[in-house]
Amino acid sequence: MSRNFLSKNDELRRGDYLVSNNKQFKAIFQGDGNFVIYGWKPLWASNTCGSDAARLIMQADCNLVLYNKSNTPRWSTNSCGPPRRDLRYMWQDSEVLWQHH
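Heads up: the sequence shown begins at 1 in the UniProt record's numbering, then just goes up one per residue.
And the structure:
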């Protein structure tokens, strides 16, 4: 079963992906270090192609961050805030949604 969200402290490694419930959209942490959301074409990208990013993690502070193997941040959503039970990044149609729970 494919996942369609990241909860706090969940992470993706290069090659991992999330798939929308309707299977029309996919968010891929590509082998080139870029995190990209696709429909029938690329819809959004972190623009980190060629970086040394090794993992994408939904931190406990609700910030989505790409880190390299030395744990140096390479990109983030800067969406940190007060700790909450859960934050999910999901998408419907072609819109990315950030949900605090």
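By construction, the Cβ of each residue, glycine as well, lies at the ideal position given by its N, Cα and C atoms.
Check                                                                                                                                                  : Outcome
By DSSP's criteria, residue 53 is part of a beta bridge. Which residues make up the other side?                                                        : 68
Taking 9 Å as the threshold (C-beta atoms), are residue 50 and residue 33 in contact?                                                                  : yes
How would you label residue 60, buried or exposed, when you count the other beta carbons within 10 angstroms and need 16 or more for buried?           : exposed
Please return the same chain residues whose Cβ sits closer than 8 Å to the Cβ of residue 72, not counting the five positions on each side in sequence. : none
Does at least one heavy atom of the ligand NAD sit under 8 Å from the Cβ of residue 36?                                                                : The ligand NAD is not among the ligands present in this structure, which contains no ligands whatsoever.
Taking the C-alpha atoms as reference points, what is the distance between residue 9 and residue 57?                                                   : 6 Å
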